[in-house]
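Visitor: One structure coming up, written as structure tokens, with questions to follow.
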Amino acid sequence: MSIVGSDDHRYSPQRIARELDWNLLRTFVVLAESRSITDASERLRLKQPSVSTALKRLEDRVGRQLIDRRPGHYSLTDAGRLLYREALDINGSILRLSTLLREMTDDVRGHVDLVVASHVVCPFFDRILSDWHRANPQTTLTVEVLSSIDAIAEVQAKRASFALCLVRSRNARLEYRQLYREFFGLYCGPGHPLFGRGSLSPADLEGSNSVSFDTDRLQDVLSPVTLMRAQSSMSEKIVGTSSNLEEVRRMIMAGIGIGPLPVHVAARDVADGALWQVPPYDDLPAIDVHLVWNPHAVMNRAEEILLLMLQDKIDNTPIADRTYS
């Protein structure tokens, strides 16, 4: 299928703005995130011909083929990828309009959707959050735990207010601030042969099974942790992985393998005799956790106040006081 538009009027911004149906864009977002027209129809709870017709109407409006759909093939075209990126932005803004209007009162109201990586343990942030809600008791908050990649995607799509997560590469459309720094160490559980042993050296770990996070790879955000494991002489085979800190901690405690955890997070379990730190003990890898937000999202008053408080506290608190070791 191809769409040919030789008339420049076909691509006129004024014509597209006048004739484009926002519901078509909402449908296209689902189409772009689906595996097929049938899959999109099920997600939208519409009949397949209706979805196909909506796609055809949108392609006619913009004058471009948006999805390459042939037998056994379904993928976005270059124009489709461009429109998907912009449609996400538009769709996110529209979804927020009714909420923003509903929350317009003299009191500071509003809801904050926060997405965090599972290992975010930051008393510095917790104090700011407490001050924010104490000063604005009419506000509400939802916190969802996601992988760092998914957390950033939620912020980019304007489905979340902020993200607290690891950052591998920066998106020019988003804003980033270093929230805090943590250090990772290696730990074993009570059933492990090295548990409770002092004077261990990296050689004692040779051949040991390991467990870790999904992002513990040389090309990913926890690459410093990957290098630490490699230098410890442990087995290269990782026998258990998770994106969730609690599940990595569970596997370590169950004796499945030695694994990495933030030192300040593991400290209580070490004190309680539930975890034991193994080498290396010095020059532990530092990992930065960032605050991420979308400057193109229209924020409600609750979000605006929390963001200003975070920016002010970060600007006036040295990184040394936001470092946990």
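Taking numbering that gives the first Met the number 0, the leading residue of the sequence shown gets 0, the next gets one more, and so forth. Glycine residues also receive a C-beta, built at the ideal position from the N, C-alpha and C atoms.
Given a cut-off of 8 Å, decide if L309 and I127 are closer than it, judged by their beta-carbon atoms.
Guide: Against the sequence shown, residue 127 aligns to sequence position 128. Against the sequence shown, residue 309 aligns to sequence position 310. Contact flag set, yes.
Visitor: Could you give the DSSP three-state label for H295: helix, strand or coil?
Guide: If you number the sequence shown from 1, residue 295 lands on position 296. Residue state, collapsed to three classes: coil.
Visitor: Pull the bridge partners of F212 from the DSSP assignment, please.
Guide: For the purposes of this step, residue 212 is taken as the residue at position 213 of the sequence shown. Partner(s): S241.
Visitor: Pairs of beta-carbons, one from the stretch 173 to 193 and one from the stretch 308 to 324, closer than 8 Å: are there three or more?
Guide: These segments touch.
Visitor: How would you write the range of the beta strand (DSSP E) that H191 sits in, first residue to last?
Guide: Along the sequence shown, read from residue 1 onward, the residue named residue 191 stands at position 192. Here H191 belongs to no beta strand (DSSP E), and DSSP marks it neither H nor E.
Visitor: Out of K312, D311, L305, which one is the CA nearest neighbour of A134?
Guide: Here residue 134 corresponds to residue number 135 of the sequence shown, with the count starting at 1. Measuring from the Cα of A134, the nearest candidate turns out to be L305.
Visitor: Between which residues of its own chain and R169 is the CB-CB distance below 7 Å, once the five residues before and five after are set aside?
Guide: Along the sequence shown, read from residue 1 onward, the residue named residue 169 stands at position 170. These residues qualify, in order along the chain: Y175.
Visitor: Would you tell me roughly how many angstroms separate the C-alpha atoms of S146 and T52, rounded to the nearest one?
Guide: Locating residue 146 in the sequence shown gives position 147, counting from the first residue. Locating residue 52 in the sequence shown gives position 53, counting from the first residue. Rounded to whole angstroms, S146 to T52 spans 36 Å at the Cα level.
Visitor: Could you check the C-alpha separation between E153 and I36 for me, to the nearest Å?
Guide: The residue given as residue 153 occupies position 154 in the sequence shown. The residue given as residue 36 occupies position 37 in the sequence shown. Whole-angstrom Cα-Cα distance: 24 Å.
Visitor: Would you identify the three-state DSSP class for D314, choosing helix, strand or coil?
Guide: In the sequence shown, counting from the first residue as 1, residue 314 sits at position 315. Helix at D314.
Visitor: Could you tell me how far apart the beta carbons of L260 and Y186 are, in whole angstroms, since I believe they sit closer than 8 Å?
Guide: Locating residue 260 in the sequence shown gives position 261, where the first residue counts as 1. Locating residue 186 in the sequence shown gives position 187, where the first residue counts as 1. The Cβ separation is near 6 Å, so the contact holds.
Visitor: With H, G and I counted as helix, E and B as strand and the rest as coil, what does DSSP make of S5?
Guide: As a first step, residue 5 must be located in the sequence shown, where it is residue number 6. Note on S5: pLDDT 44, under 50, position unreliable in the model; no value is reported.
Visitor: Within the same chain, show all residues whose beta-carbon is closer than 6 Å to that of A285, passing over the 5 residues directly before and after it, in chain order.
Guide: As a first step, residue 285 is located in the sequence shown; it is residue number 286 there, counting from the start. R180, F182, listed in sequence order.
Visitor: To which residues of the same chain is S241 closer than 6 Å at the C-beta, ignoring the five residues directly before and after it?
Guide: Taking the first residue of the sequence shown as position 1, residue 241 is located at position 242. The residues are V247.
Visitor: Can you list, in chain order, the residues of its chain with a C-beta nearer than 8 Å to that of I251? Leave out the 5 residues immediately preceding and following it.
Guide: Locating residue 251 in the sequence shown gives position 252, counting from the first residue. Closer than 8 Å at the Cβ level, and outside the excluded window around I251, lie Y186, C187, G188, V210, I257, G258, L260, L274.
Visitor: Near P40, what residues of its chain come up, given a Cβ to Cβ distance below 7 Å and the 5 sequence neighbours on each side ignored?
Guide: In the sequence shown, residue 40 corresponds to position 41, counting from 1. The residue you asked about is not Pro; residue 40 is Ser in the sequence shown. Excluding residues within five positions, the ones whose Cβ falls inside 7 Å are K46, Q47, V50.
Visitor: Kindly list the residues whose CB is nearer than 8 Å to the CB of N315, restricted to its own chain and excluding five residues on each side of it in sequence; keep chain order.
Guide: Position 316 of the sequence shown holds residue 315. Contacts found: none.
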